[in-house]
Amino acid sequence: MSTHPTPPPQCPASAAGHPPGGLYRLHGPEAEADPMGLYEKLRAEYGSVAPVLVSGDLPAWLVLGHRENLDVARTATRFARDPRGWRDMLEGRVPVDTPLGPMVTWVPVCNFTDGPTHERLRSAVVQALERFDRRGVRRYVTRFANQLVDQIAGAGQADLVAAFSDQLPMLVMTQLVGAPDEHGPRLVNAARDMLQGTETALQSDRYVTETLQQLVRERKIHPGRDLATWLLSHPADLSDTEVLMHLRVVLIAAYETTANLIANTLRTVLTDQRFRASLSGGHMTLPDAIEQVLWDDPPINAVIGRWATGDTVLGGHQIKAGDMLLLGLAAANADPCIRPDPETSVRGNRSHLAFGSGPHECPGQDIGRAIADTGIEVLLDRLPDVELAVPAGELRWRGTLMSRHLLSLPVRFTPRPARTLHPQEAPGRPAVYPPESAPAPVPAPRRPVRSGRRRLPTWWRRLLGSR
Numbered sequence: 009m010s011t012h013p014t015p016p017p018q019c020p021a022s023a024a025g026h027p028p029g030g031l032y033r034l035h036g037p038e039a040e041a042d043p044m045g046l047y048e049k050l051r052a053e054y055g056s057v058a059p060v061l062v063s064g065d066l067p068a069w070l071v072l073g074h075r076e077n078l079d080v081a082r083t084a085t086r087f088a089r090d091p092r093g094w095r096d097m098l099e100g101r102v103p104v105d106t107p108l109g110p111m112v113t114w115v116p117v118c119n120f121t122d123g124p125t126h127e128r129l130r131s132a133v134v135q136a137l138e139r140f141d142r143r144g145v146r147r148y149v150t151r152f153a154n155q156l157v158d159q160i161a162g163a164g165q166a167d168l169v170a171a172f173s174d175q176l177p178m179l180v181m182t183q184l185v186g187a188p189d190e191h192g193p194r195l196v197n198a199a200r201d202m203l204q205g206t207e208t209a210l211q212s213d214r215y216v217t218e219t220l221q222q223l224v225r226e227r228k229i230h231p232g233r234d235l236a237t238w239l240l241s242h243p244a245d246l247s248d249t250e251v252l253m254h255l256r257v258v259l260i261a262a263y264e265t266t267a268n269l270i271a272n273t274l275r276t277v278l279t280d281q282r283f284r285a286s287l288s289g290g291h292m293t294l295p296d297a298i299e300q301v302l303w304d305d306p307p308i309n310a311v312i313g314r315w316a317t318g319d320t321v322l323g324g325h326q327i328k329a330g331d332m333l334l335l336g337l338a339a340a341n342a343d344p345c346i347r348p349d350p351e352t353s354v355r356g357n358r359s360h361l362a363f364g365s366g367p368h369e370c371p372g373q374d375i376g377r378a379i380a381d382t383g384i385e386v387l388l389d390r391l392p393d394v395e396l397a398v399p400a401g402e403l404r405w406r407g408t409l410m411s412r413h414l415l416s417l418p419v420r421f422t423p424r425p426a427r428t429l430h431p432q433e434a435p436g437r438p439a440v441y442p443p444e445s446a447p448a449p450v451p452a453p454r455r456p457v458r459s460g461r462r463r464l465p466t467w468w469r470r471l472l473g474s475r
């Protein structure tokens with residue numbers, strides 16, 4: 009694993025008594041290729057908190073322990089969410105064009121605030137999200153998931169990342185935020201392009217912002233039953249800029265995390281024999297399976313976003329005022345203090361940190377679960393004999409400091425005939441429509457979801473060779 013040759017000035021390594029030889033980088037191809045391997049090296053050397061380097065070789069602390077992550081996430085008086093107290097930024101050591109920009113540049117959103125301001129902003133987001141009828145959300149998911157499967161069912165092969173997991177969350181979320189139908193499909197492509205950092209990422213970023221600005225203006229005149237309307241009308245009295253910024257945060261955060269969750273779950277189903285064996289007999293439902301993946305392969309590995317408000321001690325290390333801390337969500341989930349045997353099932357246990365914890369815990373996690381659960385069920389119901397088309401060792405990821413995104417998931421299956429469309433669904437239209445022809449959303453019927461134990465569904469039985 010690559011290291012910095014010498015700790016930079018003001019680096020937390022000095023306080024930690026780091027021996028000569030430098031610090032581990034959390035950026036670069038080696039770190040991104042095997043983040044869990046790096047976390048375990050850091051845990052073995054430093055314990056529950058480790059000094060590291062992020063993009064630009066800027067110093068930070070990576071929190072590895074489950075208990076320590078909870079401490080940081082839940083104690084805003086010691087570890088603030090507002091990045092304006094970052095010492096390296098205040099002292100001019102952070103480049104203007106740093107890749108960390110979106111994570112360290114303050115904007116008026118709840119995830120960059122604490123105290124009464126945070127409570128005002130977050131209450132608006134949480135209460136607006138709670139107004140969505142969960143059955144209605146699942147109808148949207150079912151409709152779009154079926155349309156995506158329609159595009160691949162007759163071919164007998166597909167890449168489930170490009171054709172399914174990368175598209176479904178944004179198709180659903182654009183409907184929930186209230187984006188105009190003619191802009192929805194372009195928002196899907198623009199958001200993906202922006203997050204992948206392509207040459208057109210800035211152009212895509214502008215398109216997302218301008219589309220959401222247009223949405224806010226429209227909903228002030230013509231309210232709807234969507235997130236934009238409910239944020240504008242909330243008693244917290246959000247400004248237009250605050251509404252815009254929160255729509256953007258919800259849209260982008262939901263896309264990245266849910267796309268990764270869907271891809272990670274499908275990959276696990278298709279490649280992990282231990283995971284399949286735990287499903288035998290029908291004792292694990294699909295929601296159970298998703299929770300297991302949230303423990304073992306969470307959609308976000310680490311989150312930049314806490315700054316020490318004063319000198320303090322964490323995990324036996326001296327943290328200085330203004331130091332940056334990263335919540336190591338994946339590392340915390342693997343903490344041997346809470347999971348001494350990682351092979352043991354954690355079915356029914358939701359104490360993982362995949363969605364964070366404390367006052368900044370992800371407010372949209374239930375919607376993310378609903379998109380993943382319902383979407384995967386539709387896919388496996390439609391393609392019950394789907395199997396991986398390449399050796400598992402050939403799968404590749406695109407790594408960043410925060411997450412690993414599966415690049416492709418090639419599969420094969422028995423070709424299926426075209427689905428009978430709902431009367432209001434235009435025949436022959438692709439699931440990701442060109443902007444000028446995007447139809448209005450039409451809820452598709454779906455059988456009721458039952459909780460608790462149930463007979464193993466057809467697609468699990470075929471995957472497991474059960475009858």
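Note that the sequence shown covers residues 9 to 475 in the working numbering. For glycine and all other residues, C-beta sits at the position ideal for the given N, C-alpha and C. Model, not experiment: these values are computed from the prediction.
Two segments are said to touch when three or more pairs of C-beta atoms, one from each, lie closer than 8 Å; by this definition the stretch 148 to 155 touches the stretch 365 to 385.
Relative to HIS242, the option among LEU176, ARG33 and ARG139 whose CA is nearest is ARG139. When the Cα atoms are used, ALA261 and ASN119 turn out to be separated by approximately 11 Å. Bounds of the beta strand (DSSP E) holding MET332 are 332 to 335. Judged by beta-carbon spacing, LEU239 lies within the 7 Å limit of LEU246, meaning their Cβ atoms are closer than that value. For the 7 Å CB-CB criterion, ARG420 and ALA397 form a contact. For the pair of segments examined, the stretch 40 to 56 was found to touch the stretch 333 to 343: the number of CB pairs separated by less than 8 Å reaches three. Per DSSP, the continuous alpha helix (DSSP H) segment holding PRO110 begins and ends at 109 to 112. Bridge partners of GLN326 according to DSSP: VAL321.
Taking C-alpha positions only, ASP79 is separated from ILE312 by approximately 15 Å. Nearest C-alpha to GLY323 among GLU76, GLY232 and GLY30: GLU76.
Buried is the label assigned to THR182, since at least 16 other Cβ atoms lie within 10 Å of its Cβ. Minimum Cα-Cα distance from ASN272 among the listed residues ILE308, VAL57 and PRO107 corresponds to ILE308. Annotation: the continuous beta strand (DSSP E) that includes PRO418 extends over 418 to 420. If you compare the alpha carbons of LEU302, MET410, ALA342 and LEU417 with that of ALA362, the shortest gap goes to LEU302. As computed with DSSP, ILE308 is found in no beta bridge at all.
In this structure, DSSP gives GLU369 a state outside helix and strand, which the three-state scheme calls coil.
Under a 10 Å Cβ-count criterion, ASP248 is classified as exposed, with fewer than 16 other Cβ atoms of the shown protein chains found around its own Cβ.
Assignment of beta-bridge partners to GLY407 by DSSP yields ARG412. Close CB contacts of THR317 within its chain, under the 8 Å cut and outside five residues either way in sequence, are with THR85, ARG86, PHE87, ALA88, GLY93 and ALA329 (chain order). Here ALA187 is near LEU195, since their CB atoms are less than 7 Å apart.
Going by DSSP, PRO37 is part of the alpha helix (DSSP H) stretching over 37 to 41. The C-beta of SER173 has 16 or more other C-beta atoms within 10 Å across all chains shown, which makes the residue buried.
Look at ALA316 here: in three-state DSSP terms it is strand. Between the stretch 340 to 355 and the stretch 67 to 74, the count of C-beta pairs closer than 8 Å reaches three or more; the two stretches touch. As a beta-bridge residue in DSSP terms, ALA166 pairs with VAL419. Burial check for ASP319: the Cβ neighbour count within 10 Å stays below 16, so the residue is exposed.
Contact check for HIS254 against VAL133 passes: the beta carbons are separated by less than 7 Å. Contact between GLN300 and SER353 holds, with the beta-carbon distance rounding to 7 Å and staying under 8 Å. For PRO59, the enclosing beta strand (DSSP E) covers residues 57 to 62.
In the DSSP annotation of this structure, the continuous segment of the beta strand (DSSP E) that includes TRP69 starts and ends at 66 to 71. Per DSSP, reduced to three states, the secondary structure at ARG424 is coil, with no helix or strand assignment. In the structure shown, the three-state DSSP call for LEU210 is helix. For the pair ALA39 and LEU50, the CB atoms are not nearer than the 7 Å cut-off.
Between the C-alpha atoms of TRP69 and ALA310 there is a straight-line separation of about 11 Å.
When only Cα atoms are considered, GLU218 and ASP234 end up about 18 Å apart.
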